[in-house]
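Residue numbers for the sequence shown follow my numbering, so the first one is 12 and each next one is one higher.
Below is one structure, written out as structure tokens, with a few remarks after it.
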Amino acid sequence: MTKIKSWISAARLRTLPLSISGIIVGTGIAGGEGMFNSAIFSLAIITTLGLQILSNFANDYGDGVKGTDNEERVGPMRALQSGAISREQMKTGIIITSILTLLSAILLIYISFGKEHFAYSIFFFFLGMIAIVAAIKYTVGATAYGYRGLGDVFVFVFFGLVSVIGCYFLYTKEIAIMTLLPAFAIGWLSSAVLNLNNMRDHIGDAKSGKNTLVVKLGIEKAKKYHYLLIVGAMIAILVYLFLIDTFNYIDLLPLVSFFPLILHIRKVKETTEPRDLDPELKKVALSTFLLAILFAISQLF
């Protein structure tokens, strides 16, 4: 039972709602156009959760091996750091999760495109492979891009653009320019969660050689970058609502999620102690999930 709890802890359940926000938004837009498919939705959720859990396992392994997770780390103790899961066990967990995620992705591709759209199937298969490799290489290996300040790029591309636009394409087999705006919003908010995490850990990261964007920018510039991400996401949603053809008052529903985000900006501005940023991670993640749910509801109804 203790080992099961360790694996659940390593999976970092609190990160999962954020990871599926883009899927919910893409599904909401497609559903609003009468293109909803329950099988595609279910498999897209499963595949995305698999990628997030894989990324969490790999992050635990990479930071543990490199010694980044040490006694100076501010957040919760990781599985390798505590000794609850060994290196070999985590390696096995990464391999199994990679295989299961790939199988889910293949089934998703087959149900979405079948034999009629073989070229699309090939493209999405390679996209899935890239996503799996990217999830692992964030902190694992000598060329881990999370140690070079490129983690924000990965999060924006995969949690924003690929998640929203890719999901919409699975349903409709086409790309709509308008989907870029909510994709940007989810991508920027997801990057904001990573930026918060890196602001919280920036002292320890700098000492251990993990050159995140926060370490490169410095904490004050990282805060300004953070404000831009949050405000940019809200503006993207507002522009989308302004441009849609059939505006209805229910389309304003996503704006409810702006209130906790505005309060969050104020909290970050007032915070001087890095460890005090830890509770804000959950707030932004859940606010993003709330935005996704409300956005999907507004599109469907």
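Where a beta carbon is used, it is the ideal one built from N, C-alpha and C, also for glycine.
Given a cut-off of 8 Å on the beta-carbon distance, is the pair S298 and P265 in contact?
Against a cut-off of 8 Å, the Cβ pair of P265 and S298 comes out as no contact.
Would you mind sorting P193 into buried or exposed? The rule is 16 or more other CB atoms within 10 Å of its CB.
The residue in question, P193, is buried, as its Cβ has 16 or more Cβ neighbours within 10 Å.
Return the residue from the list A203, S268, I19, F134 that minimises the CA-CA distance to V173.
Per the Cα distances, F134.
Quick one, are the C-beta atoms of F300 and P28 less than 8 Å apart?
Taking 8 Å as the Cβ cut-off, F300 and P28 qualify as a contacting pair.
Measuring alpha carbon to alpha carbon, tell me which residue in I248, F137, L228, L62 is nearest I107.
Comparing Cα positions, the closest option is L62.
In terms of residues, what are the limits of the alpha helix (DSSP H) holding G152?
Per DSSP, G152 belongs to no alpha helix (DSSP H) and is neither H nor E.
Could you tell me how far apart the beta carbons of A196 and A146 are, in whole angstroms, since I believe they sit closer than 8 Å?
22 Å between Cβ atoms; not a contact.
Quick one, are the C-beta atoms of L288 and R211 less than 8 Å apart?
In contact: L288 and R211 (Cβ atoms closer than 8 Å).
Measuring alpha carbon to alpha carbon, tell me which of L302, W18, L254, I15 ends up nearest G198.
Considering only alpha carbons, the answer is L302.
Would A55 pass as a contact of F47 if the rule is Cβ separation under 8 Å?
Cβ atoms of A55 and F47: not closer than 8 Å.
Entirely within the stretch 146-223 and at least 4 residues each: give me those alpha helix (DSSP H) ranges in chain order.
Runs found: 162-166, 178-183, 191-211, 213-219.
Using a 10 Å radius around the Cβ and a threshold of 16 neighbouring Cβ atoms, would you call M245 buried or exposed?
Looking at its Cβ environment, which holds 16 or more other Cβ atoms inside 10 Å, M245 is buried.
Which of the three DSSP states is assigned to F269 in this structure?
Helix, per DSSP.
Indicate the three-state DSSP secondary structure (helix, strand or coil) for M140 in the structure shown.
Correct three-state label for M140: helix.
Is D256 buried or exposed, if buried means 16 or more other CB atoms sit within 10 Å of its CB?
Classification of D256: exposed, given that the 10 Å Cβ count is below 16.
According to DSSP, simplified to helix, strand and coil, what is S97?
Correct three-state label for S97: coil.
Measuring only between beta-carbons, confirm whether L60 sits less than 8 Å from chain C.
Reference to chain C is not applicable here, since this structure consists of a single protein chain.
How long is the line joining the alpha carbons of V226 and F137, rounded to whole angstroms?
Looking at the two C-alpha atoms, the distance is approximately 32 Å.
Would you identify the three-state DSSP class for D71, choosing helix, strand or coil?
In this structure, D71 counts as helix in the three-state DSSP scheme.
To the nearest angstrom, how far is it from the Cα of G75 to the Cα of I34?
Distance between the alpha carbons of G75 and I34 is about 30 Å.
For G220 and Y131, which I take to be in contact (beta-carbon distance under 8 Å), what is that distance rounded to the nearest angstrom?
Incorrect: roughly 41 Å between the Cβ atoms, too far for contact.
For I96 and A187, which I take to be in contact (beta-carbon distance under 8 Å), what is that distance rounded to the nearest angstrom?
That pair is no contact at about 43 Å.
What does the alpha-carbon distance come out to for the pair Y238 and V166?
Straight-line Cα distance between these residues: approximately 17 Å.
Rounded to whole angstroms, what is the Cα-Cα separation between Y260 and L252?
Spanning the two alpha carbons is a distance of roughly 10 Å.
Can you give me the C-alpha to C-alpha distance between V279 and N222, rounded to a whole angstrom?
V279 and N222: Cα-Cα distance of roughly 21 Å.
Buried or exposed: where does I64 fall if 16 or more other Cβ atoms within 10 Å of its Cβ makes it buried?
Under this definition I64 is a buried residue.
Going by C-alpha distance, which of L24, T183, A69 is nearest G43?
Of the listed residues, the one whose Cα sits closest to G43 is T183.
Answer yes or no: do N209 and L191 have a C-beta to C-beta separation smaller than 8 Å?
Their beta carbons are not under 8 Å apart, which means N209 does not touch L191 by this criterion.
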